[in-house]
Each structure stands twice: as C-alpha cells, then as structure tokens.
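A.B. asks: I have a structure I would like to understand better, so I am pasting it below and will then ask my questions one at a time.
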Amino acid sequence: MTYSRIVGTGRYLPERIMTNKDLEKIVDTSDEWIRTRTGVERRHVCAEDQTTSEMCIEAAKVAMADAGVGPEDIDMVITGTTTPDLIFPNISTIIQHKLGIPACTAFSLEAACTGFIYALSTADKFIKAGEAKCALVLGAECITKLVNWKDRNTCVLFGDGAGAVIIKPSEEPGIISCHLGADGQHKDLLYYPVGVSKDLASAGTDAAGIMMTGSEVFKVAVRTLGSIASKTLEDAGVTKEDLDWLVPHQANIRIIQSMAKRLDMPMEKVIVTVQDHGNTSAASVPLALDVGIRDGRIKKGQLILMEAFGGGFTWGTVLVRL
Ligand code: UT7
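Going by the working numbering, the first residue of the sequence shown is number 1, and it counts up by one from there.
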C-alpha cells in the first residue's frame, strides 16, 4: 500500500507585527486581558496590498527547497483558505502559475480554521489513489482583512500568515490517519456575515466583521477536539504515550492547555505559537509544524497529532509520522 509522507515544510509571516500594546491604542483592551484570556502577545498583519497567494508563494518556495523538489516535480496544489485573493480564478491556480508549476490539479477549499487539515487529508487521498505524485499543500490567510478593528471581542485574536508542506508517496506511513468532521448546527456562533451571494457590497466595511460568541465556541471546541483526538488515537491503535508532539490549532492558549491535559501531554510536548502569531485560521497548524521542525524540536520519525477546529463548525485531526 502507498502512503503519503511530509517531505518538506515552509512558512511565511508578513513583516508588520502588531503587539497588544498597539491594540490598546485602537480599542478598549489591555495587554493583560489579551495575554491571560488568549495567550496572544503579538501577531503579523499583512500589508494592505498583500495577497494570500503572495504569502503562499513565499511559504511554498521554502517548503520546496526543504523537500528538494522543483516546480516541475509538483502535480497538485491544494490551498486551505477562507481569504483567497479573488473569487475566481482559484488561488491555487495563481500559486501554480507564479511558481512555474506545469499545469496540474489545483484547487482550494474553505473549512475556516480547519482548512489546512482538510487540504492535507484531501491531498493524502490523491497520493494514496495514485493520482498525484507530489503535492503542495498550503494553509494561508489574510484574515485580518475580515476583522472589524472596532470590535475588541475579535480584533485582538487574529493574525496573518501562510504555511506549506510538500507530500509524496511512501511505502511507510507517513500520514497514518485523517479524521474530518463538520456540523452546521452551531453556525451562528462563528461566521462572517457577507459572501458572494449575500451582501457582497458590505464586505470589508465596518458593517461586516467576524461574528463570534467566543465563550460558546470555546466550550464546543474543547469538547469536540477532546473526543476527536481520543478517537484518532484509538482508531490508529496508538496510545497517548506514543505521541511525541501535539501540533494544535492556535486559537487560544487555554484551549491548547486543555487538549494537552486531555492527552496527558506536558506543555513541553506541545508546539505553541499563539503568543507570536495569534489565530491565523487555516495557516496556524502548518505554521506551528514548520516552527517545531525548524527549531529542531520535532524530529524525523516522531509521531505527531495535528488538530484544528473552526467556523462551521468544522474540525479535524491528522496523525502523522514525520
Ligand atoms: O479559531 C476558531 C475557533 N475559535 C476559538 O476557538 C475561539 C474560542 N473562544 C475564545 O478563545 C474565548 O472565548 C475569547 C478569547 C474569544 C474570549 O474569552 P472569554 O474568556 O470567553 O471572554 P468572554 O467573551 O466571556 O468575555 C469576558 C469579558 C466580557 O466583559 P463582561 O461582559 O464580563 O463585562 C467582554 O466584554 O471580557 C470582555 N472582553 C474584553 N475585555 C478586554 C472581550 N474582549 C475583550 C478585550 N479586552 N479584547
């Protein structure tokens, strides 16, 4: 049986950094509140004219160099994002063309903060089916462009960035298992009120911003992630003790801590970037993965659980041996 394996990672973060102190000047908040309630200390914010595809291209170049592959080797591009450059053409076609990748399967998918997990799981299936030999998988957002900077409930939470991985076929896993889920019953707890077929003219104005009932999202996230993590390990026949690293979605340090507790993992075995990146939505897991690999903590051969939860609600895990 053919598996897929992550053979390279990369990340890009915009130059501009906004600290909690900067936000104190914009809304009625405090560094202390943001740190203690969320764990965020600073976040990267893309330039006004910077697009998600531009960030993806930078992250992809790093991942391709890491994997030792060139544009001609890649035959699939999948991007998980809620904030593509344009409605069409698809962001992955822009990335494919600008990177000089020959014509191939290229598309994006939107699963809010779970976008990268959905994208990686999808690419894994293409590789296993023999329909792709080398996939560029991205999670990226210019989510701050959707933020209402007058709403302290949400504007302090988010940041921008792009993470990329290259996956290839392998005789050994690799990606051991993926679990995806979604349930629209709580859709009103976290959403953006404007879309293509609904109120498009007010997109990006003060009238539209990310709508979130934070404390309720928090409870469902903790509950759902806890049970899906346990199910993932059970299905794969591995125990909590087998896990080397947890690479979680970086929405809130308190959610991350509760996941670590549930998995009996000390925080030393959890990659935490929320203090530096904020919640970068679909970018958060691949950014954290790249940070952990590049600073030498995550090593080849180790067992990693990635997980995410976001608007929809959507959620997912990927269990991977690096
Ligand atoms: O990535 C997708 C999934 N997203 C998540 O998982 C996010 C989950 N939720 C959260 O992370 C947390 O619920 C938040 C960080 C969003 C909020 O933390 P919380 O502890 O749940 O606070 P809260 O919403 O219950 O608000 C507590 C208080 C309120 O004041 P009152 O009503 O108690 O007087 C808010 O008005 O904190 C106030 N508040 C703030 N105060 C200072 C809300 N935002 C701020 C702020 N600065 N920025």
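All C-beta atoms in this analysis are idealised placements derived from N, C-alpha and C, irrespective of residue type, glycine included.
Flag this pair as yes or no: are the beta carbons of Gly-139 and Pro-286 separated by less than 8 Å?
C.D. replies: The answer is yes: Cβ separation under 8 Å.
A.B. asks: Is Ala-323 helix, strand or coil by DSSP?
C.D. replies: With the chain covering only 1 through 322, there is no way to say anything about residue 323.
A.B. asks: In this structure, does DSSP put Lys-240 in helix, strand or coil?
C.D. replies: Residue state, collapsed to three classes: helix.
A.B. asks: Based on Cα-Cα distance, which residue from Val-77, Val-156, Val-291, Ile-167 lies nearest to Ser-30?
C.D. replies: Of the candidates Val-77, Val-156, Val-291, Ile-167, the one whose C-alpha sits nearest the C-alpha of Ser-30 is Val-156.
A.B. asks: Decide if Glu-141 is buried, meaning its Cβ has at least 16 other Cβ atoms within 10 Å, or exposed.
C.D. replies: With 16 or more Cβ atoms within 10 Å of its Cβ, Glu-141 is classed as buried.
A.B. asks: Three or more C-beta pairs closer than 8 Å, one from the region 215-226 and one from the region 255-268: is that the case here?
C.D. replies: A contact exists between the region 215-226 and the region 255-268.
A.B. asks: Let me know if Ala-229 comes out buried or exposed under the rule of 16 or more other beta-carbons within 10 Å of its beta-carbon.
C.D. replies: Classification for Ala-229: buried.
A.B. asks: Is the region 115-134 touching the region 183-191 in the sense that three or more CB pairs, one from each, lie closer than 8 Å?
C.D. replies: Cβ pair count under 8 Å is below three, so no.
A.B. asks: So, under 8 Å CB-CB, Val-291 and Thr-273 are touching, yes? Tell me the CB distance rounded to an integer number of Å.
C.D. replies: So it is a contact: roughly 5 Å between Cβ atoms.
A.B. asks: Return yes when the Cβ of Thr-19 is within less than 8 Å of the Cβ of Ala-308, no when it is not.
C.D. replies: Contact flag unset, no.
A.B. asks: Among Asp-151, Ala-164, Ser-170, Val-147, whose alpha-carbon lies nearest the alpha-carbon of Lys-133?
C.D. replies: Nearest of Asp-151, Ala-164, Ser-170, Val-147 to Lys-133, Cα basis: Ser-170.
A.B. asks: To the nearest angstrom, how far is the alpha carbon of Asp-264 from that of Lys-240?
C.D. replies: Cα-Cα distance, rounded: 7 Å.
A.B. asks: Is it the case that the Cβ atoms of Val-45 and Thr-205 are separated by a distance below 8 Å?
C.D. replies: No.
A.B. asks: What whole-angstrom Cβ distance do Val-247 and Ile-271 have, given they're in contact under 8 Å?
C.D. replies: Rounded, the Cβ-Cβ distance is 5 Å, consistent with contact.
A.B. asks: What span of residues does the alpha helix (DSSP H) with Arg-35 cover, start to end?
C.D. replies: Note, Arg-35: alpha helix (DSSP H), 31-38.
A.B. asks: Sorted by chain position, which residues of the same chain lie with C-beta nearer than 6 Å to Tyr-12's C-beta, five sequence neighbours on each side aside?
C.D. replies: Answer for Tyr-12: Met-55, Glu-58, Ala-59, Ala-162, listed in chain order.
A.B. asks: Trp-315: buried (16+ other C-beta within 10 angstroms of its C-beta) or exposed?
C.D. replies: Counting Cβ neighbours within 10 Å, Trp-315 comes out buried, since at least 16 surround it.
A.B. asks: Measuring from the CB of His-277, is there a heavy atom of the ligand UT7 at a distance below 7 Å?
C.D. replies: The answer is no for His-277.
A.B. asks: Residue ranges of each alpha helix (DSSP H) run of no fewer than 4 residues wholly in the region 98-185, ordered along the chain?
C.D. replies: Complete alpha helix (DSSP H) runs here, min 4: 115-128, 152-155.
A.B. asks: What residue from Ser-4, Gly-68, Lys-25, Leu-190 has the CA that sits closest to Gly-10's CA?
C.D. replies: Gly-10 has its Cα closest to that of Gly-68, out of Ser-4, Gly-68, Lys-25, Leu-190.
A.B. asks: Quick check: what's the CA-CA separation for Gly-278 versus Lys-128?
C.D. replies: C-alpha separation (whole angstroms): 34 Å.
A.B. asks: Report the CB separation of Ile-95 from Thr-82 in whole angstroms; it is logged as a contact under 8 Å.
C.D. replies: The pair is not a contact, with the Cβ atoms about 16 Å apart (cut-off 8 Å).
A.B. asks: From Ala-236 to Ile-176, what distance separates their C-alpha atoms?
C.D. replies: Computed Cα separation, rounded: 7 Å.
A.B. asks: Using a Cβ-Cβ cut-off of 6 Å (strictly less than) and excluding sequence neighbours within five positions of Met-212, which residues of its own chain qualify?
C.D. replies: For Met-212, where only same-chain residues beyond five positions count, the Cβ hits under 6 Å are Thr-154, Leu-190.
A.B. asks: Does the Cβ of Thr-38 have 16 or more other Cβ atoms within 10 Å, making it buried, or fewer, making it exposed?
C.D. replies: By the neighbour-count rule (16 or more Cβ atoms within 10 Å), Thr-38 is buried.
A.B. asks: Starting from Leu-305 and walking both ways along the alpha helix (DSSP H), at which residues does that stretch end?
C.D. replies: Where Leu-305 is concerned, there is no enclosing alpha helix (DSSP H), although the beta strand (DSSP E) it sits in stretches over 303-310.
A.B. asks: Distance check for Glu-41 and Ile-345, CA to CA, integer angstroms please.
C.D. replies: Because the chain in this structure spans residues 1 to 322, residue 345 falls outside the shown range and cannot be described.
A.B. asks: List the residues that DSSP assigns as beta-bridge partners of Gly-80.
C.D. replies: DSSP output for Gly-80 lists Leu-109, Gly-139 as bridge partner(s).
A.B. asks: Can you tell me where the beta strand (DSSP E) holding Thr-52 begins and where it ends?
C.D. replies: First-last for Thr-52: 52-67, but that is the alpha helix (DSSP H), not the beta strand (DSSP E).
A.B. asks: Once you ignore the five residues that flank Met-306 on each side, which residues in its own chain have a CB closer than 6 Å to its CB?
C.D. replies: Only Val-247, Val-285, Val-318 meet the Cβ criterion.
A.B. asks: In whole angstroms, give me the CA-to-CA distance for Asp-199 and Ile-167.
C.D. replies: Taking the straight line from one Cα to the other gives about 38 Å.
A.B. asks: Taking only three categories from DSSP, how would you classify Asn-20?
C.D. replies: Helix.
A.B. asks: For the ligand UT7, I want to know if Phe-88 counts as a neighbour, meaning its beta carbon is within less than 7 Å of at least one of the ligand's heavy atoms.
C.D. replies: No - the ligand UT7 has no heavy atom lying nearer than 7 Å to the Cβ of Phe-88.
A.B. asks: Confirm the yes/no value for this check: CB of Val-217, any heavy atom of the ligand UT7, distance under 7 Å.
C.D. replies: It does: the Cβ of Val-217 is within 7 Å (strictly closer) of some heavy atom of the ligand UT7.
A.B. asks: Is any non-hydrogen atom of the ligand UT7 found closer than 7 Å to the C-beta of Asn-252, if you look at the structure I gave you?
C.D. replies: Correct: Asn-252 has its Cβ closer than 7 Å to the ligand UT7.
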